[in-house]
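From first to last, the protein sequence lines stand for chains A and B. Yeah, the first sequence ends on 399 if you go by UniProt numbering, and it's all consecutive. Yeah, the second sequence ends on 399 if you go by UniProt numbering, and it's all consecutive. Here a beta-carbon is modelled for each residue, glycine too, at the ideal position from N, C-alpha and C. Structure record follows, encoded as structure tokens.
Protein chains: 2
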Amino acid sequence: MTKMTEIKGNIASPKGFVADATHAELKFQKLDMGVILSEVPAAVAGVFTTNKVSAAPVKLDKTVVAGGVAQAIIVNSAIANAVTGEEGLINAKKTQRLLAEKFDLDAKHVAVCSTGVIGKQLPMDKIALGISKLSATNGHSDGFSEAILTTDLVKKEIVYQVELGGEVVTVAGVCKGSGMIHPNMATMLGFITTDAKIAQPLLQEILSEVIEVTFNQITVDGDTSTNDTVLVLANGQAGNAEITADTADYDGFKAVLAAVCQTLAKKIAADGEGATKLIEVNVTGAPDELSARMIAKHIVGSSLVKTAIFGADPNWGRVISAIGQVAPFEVPDIELEIQSDLVLLHSTPVDFDQAELSEKLKEKIVVIDVELNNGDKSGTAWGCDLTYKYVEINALYHS
Amino acid sequence: MTKMTEIKGNIASPKGFVADATHAELKFQKLDMGVILSEVPAAVAGVFTTNKVSAAPVKLDKTVVAGGVAQAIIVNSAIANAVTGEEGLINAKKTQRLLAEKFDLDAKHVAVCSTGVIGKQLPMDKIALGISKLSATNGHSDGFSEAILTTDLVKKEIVYQVELGGEVVTVAGVCKGSGMIHPNMATMLGFITTDAKIAQPLLQEILSEVIEVTFNQITVDGDTSTNDTVLVLANGQAGNAEITADTADYDGFKAVLAAVCQTLAKKIAADGEGATKLIEVNVTGAPDELSARMIAKHIVGSSLVKTAIFGADPNWGRVISAIGQVAPFEVPDIELEIQSDLVLLHSTPVDFDQAELSEKLKEKIVVIDVELNNGDKSGTAWGCDLTYKYVEINALYHS
Chain A
1 MTKMTEIKGN IASPKGFVAD ATHAELKFQK LDMGVILSEV PAAVAGVFTT
51 NKVSAAPVKL DKTVVAGGVA QAIIVNSAIA NAVTGEEGLI NAKKTQRLLA
101 EKFDLDAKHV AVCSTGVIGK QLPMDKIALG ISKLSATNGH SDGFSEAILT
151 TDLVKKEIVY QVELGGEVVT VAGVCKGSGM IHPNMATMLG FITTDAKIAQ
201 PLLQEILSEV IEVTFNQITV DGDTSTNDTV LVLANGQAGN AEITADTADY
251 DGFKAVLAAV CQTLAKKIAA DGEGATKLIE VNVTGAPDEL SARMIAKHIV
301 GSSLVKTAIF GADPNWGRVI SAIGQVAPFE VPDIELEIQS DLVLLHSTPV
351 DFDQAELSEK LKEKIVVIDV ELNNGDKSGT AWGCDLTYKY VEINALYHS
Chain B
1 MTKMTEIKGN IASPKGFVAD ATHAELKFQK LDMGVILSEV PAAVAGVFTT
51 NKVSAAPVKL DKTVVAGGVA QAIIVNSAIA NAVTGEEGLI NAKKTQRLLA
101 EKFDLDAKHV AVCSTGVIGK QLPMDKIALG ISKLSATNGH SDGFSEAILT
151 TDLVKKEIVY QVELGGEVVT VAGVCKGSGM IHPNMATMLG FITTDAKIAQ
201 PLLQEILSEV IEVTFNQITV DGDTSTNDTV LVLANGQAGN AEITADTADY
251 DGFKAVLAAV CQTLAKKIAA DGEGATKLIE VNVTGAPDEL SARMIAKHIV
301 GSSLVKTAIF GADPNWGRVI SAIGQVAPFE VPDIELEIQS DLVLLHSTPV
351 DFDQAELSEK LKEKIVVIDV ELNNGDKSGT AWGCDLTYKY VEINALYHS
């Protein structure tokens with residue numbers, strides 16, 4: 001077990017990072033542009049949407065990550081720069097160049113992210129204005145987490161410290177996302193900075209593994225977006241001995257990165273559009289991890305389960321129907337607990353206090369535990385309830 | 001093109017069939033039990049839920065269909081006899097035997113279907129009472145379509161006639177289902193009777209193919225159920241020359257069966273829980289039919305698309321994001337029409353009258369046409385909008 005400590009801070013807490021935020025006039029009054037800067041070129045790893053309709057900045061950032069080095073991430077909200085054709089790509093590249101010029105960086109070390117409305121071109125005069133107002137003096141690093149939001153109600157940020165290679169290493173994460181949240185990175189932007197020293201290929205390997213069990217295990221409405229991106233910058237300024245494969249430090253770093261990603265993922269699920277509750281589904285006793293994760297995610301994504309939990313109804317029938325729908329094997333021996341109350345044993349209903357469990361379902365966090373008794377692998381997924389407010393937000397929002 | 005005529009009638013309209021319905025006291029006052037009887041043993045074909053948690057009657061009916069011959073279908077609503085273990089299977093078999101005794105049939109020629117609450121045992125005294133009240137004199141054949149309903153708001157029935165093998169052949173269909181409707185047969189019961197003469201293996205082959213493009217292409221909330229079943233009885237009483245493979249009659253019979261199934265499927269989608277609109281999505285220009293159908297179904301099942309249509313918002317961004325999410329190939333040249341208004345050409349937004357299109361989206365049927373320009377295969381799917389009422393129905397319904 002890696003000993004890690006949560007500290008107060010923000011995305012600029014790891015050594016050698018600064019962040020800033022400003023109002024580029026894309027939104028009315030609110031902060032709508034942010035930047036993360038590393039004092040030195042950093043190893044960069046990234047994971048992107050699997051949506052075939054990927055946005056211009058996603059296409060651009062794939063080339064940055066392929067280069068292995070980055071020193072800055074510039075983000076705007078309000079406009080996604082998605083479904084914008086050639087012009088969109090030109091604008092993303094222009095944003096990249098403007099930021100590089102402003103901070104005297106190599107343009108190919110600048111990642112560009114956008115989130116917001118699909119199908120509109122970036123107003124480049126406003127982008128230029130915003131960039132001109134950004135500073136590298138850590139003036140408004142707390143504002144970054146706000147500048148990247150769209151329909152989110154709360155800021156989502158976490159900082160952990162851990163001792164690795166004889167030094168204190170800090171890992172900070174920030175993200176946005178509340179609608180269109182499903183697997184595979186959905187209108188979800190996540191940024192992680194760390195002062196750990198680690199080679200890029202290993203960083204990418206760890207990130208890809210961690211994403212599978214964290215960000216890719218949340219679902220709000222089953223839709224994925226065109227812009228989803230998670231980027232990690234590791235600038236080595238902690239002075240730790242380089243983290244290499246098959247060492248305790250490797251395990252420790254992976255654990256802290258997983259903790260950051262899991263915390264952020266749960267914050268996104270809890271802030272799902274219209275959500276009143278965070279739902280966590282743990283599936284154990286599966287023959288393989290992939291099935292366990294898939295079943296957990298299918299349960300937490302079921303509209304019938306989500307509405308039942310909104311209504312505080314211990315409707316276990318909907319849970320086991322969801323299991324049966326996707327399980328790639330027979331499930332004759334399911335044990336099901338809702339809020340720690342046993343409701344099903346050997347796939348057969350057991351007596352439980354309906355009124356008492358309904359009361360427990362009014363809590364802000366609902367936990368469903370499924371034991372399949374068919375192996376020793378497990379998986380967890382997170383989501384939220386489906387409410388009137390979700391329908392209102394998405395029916396009244398006009399494109 | 002097969003010439004077919006819709007006629008007024010019910011599931012007992014084909015020659016040699018009768019139907020009845022009664023109140024077995026499973027529901028309060030309403031009809032809750034129905035039977036379909038053929039005068040002679042009929043060829044039987046069936047398609048069942050793919051949910052691994054299949055209900056007792058599904059397990060039983062698979063053996064009936066495997067036998068190839070059936071003469072009766074007994075259906076109860078209110079209780080699904082699902083997740084009921086050994087006792088549930090014993091009760092399904094007892095229901096089968098009671099009906100066989102009542103009408104002097106071979107028990108293995110009796111199919112049994114149940115729909116309703118999961119996890120409760122059938123009260124066999126009430127089942128016996130209901131069966132004792134059923135008659136074979138066609139007394140209440142119109143009541144059958146009502147007796148099988150659960151949360152449905154309307155009865156769903158259709159009868160077509162077509163000339164095949166020198167005789168008029170009648171095909172009648174009836175179904176129920178409004179929630180938990182997704183692919184692969186979801187709390188959906190469908191029954192089709194026909195007086196056509198056709199051998200069982202061919203009937204099963206045609207049914208399996210037709211189901212893929214009709215019932216399996218509707219989605220209400222993405223969940224499938226434990227009990228879904230479609231059964232076809234063909235008793236040969238029309239006196240037509242037997243329908244054999246690779247003939248015009250084969251094509252004609254398949255066309256009329258498809259018309260019956262498509263009509264029923266659309267009725268289910270339009271009556272989805274809380275629905276105010278039927279949504280039809282046509283995908284053309286795909287390299288293969290499976291992809292076309294999958295993309296169509298994913299669009300029509302997207303919560304974001306469903307809420308946008310509830311809100312009469314021509315939010316094409318959500319449609320193309322849904323396409324990109326599941327398309328197994330690149331989609332650089334999408335042409336998108338909503339209610340026949342072009343909104344996207346070569347995957348790039350075109351100007352359209354937002355207010356006018358929003359008005360058109362207030363109609364009861366919304367059609368979305370997607371041309372992928374990547375082949376010549378097509379697929380269609382049907383669904384409904386996602387409304388406050390859906391959340392209300394599923395949050396307030398208590399298990």
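List, in order along the chain, the chain B residues whose C-beta lies closer than 8 angstroms to that of residue i?
i	result
Pro349(A)	Val83 and Gly119
Lys52(A)	Ile323, Gly324, Gln325, Ala327, Phe329, Glu330 and Val331
Please compile the residues from chain B whose C-beta is within a distance smaller than 9 angstroms of the C-beta of residue i.
i	result
Gln217(A)	The premise fails here: Gln217(A) is roughly 17 angstroms from chain B at the closest Cβ pair, so nothing lies under 9 angstroms.
Tyr250(A)	Neighbours of Tyr250(A) on chain B: none; closest Cβ ~34 angstroms, over 9 angstroms.
Could you say which of the options lies nearest to residue i if we only look at CA atoms?
i	options	result
Thr289(A)	Glu212(A), Phe352(A) and Leu345(A)	Before going further, note that residue 289(A) is Glu rather than Thr in the sequence given. Of the candidates Glu212(A), Phe352(A) and Leu345(A), the one whose C-alpha sits nearest the C-alpha of Glu289(A) is Glu212(A).
Ala70(A)	Thr214(A), Tyr390(A), Gly236(A) and Val370(A)	Gly236(A)
Tyr160(A)	Val110(A), Leu134(A), Thr170(A) and Asp313(A)	Thr170(A)
Lys8(B)	Ala172(B), Gly239(B), Ala199(B) and Val319(B)	Ala172(B)
Glu39(A)	Ser378(A), Gly311(A), Gly177(A) and Ala234(A)	Ala234(A)
Asp152(B)	Ser132(B), Val168(B) and Met188(B)	Met188(B)
Glu157(B)	Leu304(B), Leu164(B) and Ile148(B)	Ile148(B)
Leu31(A)	Thr150(A), Leu89(A) and Ile368(A)	Thr150(A)
Ala322(A)	Ile73(A), Pro287(A) and Met294(A)	Met294(A)
Met33(B)	Leu264(B), Ala241(B), Val112(B) and Ala248(B)	Val112(B)
Ile279(A)	Glu335(A), Ile218(A), Lys126(A) and Asp228(A)	Ile218(A)
Lys59(B)	Leu372(B), Ala80(B) and Ala199(B)	Ala80(B)
Asn76(A)	Gln121(A), Gly68(A) and Glu392(A)	Gln121(A)
Val47(B)	Lys362(B), Leu98(B), Thr5(B) and Ile206(B)	Ile206(B)
In the DSSP output, which residue or residues are listed as bridge partners for residue i?
i	result
Asn282(A)	Asp369(A) and Thr380(A)
Asp341(B)	Ile338(B)
residue 400(B)	Missing from the structure shown is residue 400(B); chain B here goes from 1 to 399 and no further.
Val112(B)	Ile74(B)
Cys175(B)	Lys156(B) and Gly190(B)
Phe310(A)	According to DSSP, which records beta bridges pairwise, Phe310(A) is partnered with nothing at all.
Kindly indicate which three-state DSSP category residue i falls into: helix, strand or coil?
i	result
Ile148(B)	coil
Ser13(A)	coil
Lys3(A)	coil
Pro57(B)	helix
Thr22(A)	strand
Phe329(B)	coil
Glu359(A)	helix
Thr170(B)	strand
Ile36(A)	strand
Glu289(B)	helix
Ile74(A)	strand
Gln161(B)	strand
Ile79(B)	strand
Ala269(A)	helix
Ala92(A)	helix
Ile181(B)	Low local confidence applies: a pLDDT of 46 at Ile181(B) is under 50, so the model's placement there is unreliable, with the coordinate-based value given in what follows. In this structure, Ile181(B) counts as coil in the three-state DSSP scheme.
Thr348(A)	strand
Ala66(A)	helix
Phe28(A)	coil
Ala259(B)	helix
Ala275(B)	coil
Residue i touches chain A at which residues, Cβ-Cβ below 8 angstroms?
i	result
Glu377(B)	For clarity, residue 377(B) is Lys in the given sequence; the question names Glu instead. Those within 8 angstroms of Lys377(B) in chain A number zero; the least Cβ separation is about 17 angstroms.
What residues of chain A sit near residue i, judged by a beta carbon separation below 9 angstroms?
i	result
Ile127(B)	Under the 9 angstroms cutoff, chain A gives no residues; its nearest Cβ is about 20 angstroms from Ile127(B).
Using a C-beta to C-beta distance shorter than 7 angstroms, which residues of chain B count as neighbours of residue i?
i	result
Asp221(A)	Ser303 and Leu304
Asn373(A)	Chain B residues near Asn373(A): none, gap ~14 angstroms exceeds 7 angstroms.
Ile320(A)	Val53 and Val83
Leu386(A)	Val391
Thr307(A)	Val391, Asn394 and Ala395
Chain A partners of residue i, CB-CB under 7 angstroms?
i	result
Gly317(B)	Val83, Ile118, Gly119 and Ser399
Ser225(B)	Ser321
Would you mind listing the beta strand (DSSP E) stretches within the stretch 183-248 of chain B that are 3+ residues and don't spill past its ends, in chain order?
189-194 and 229-234
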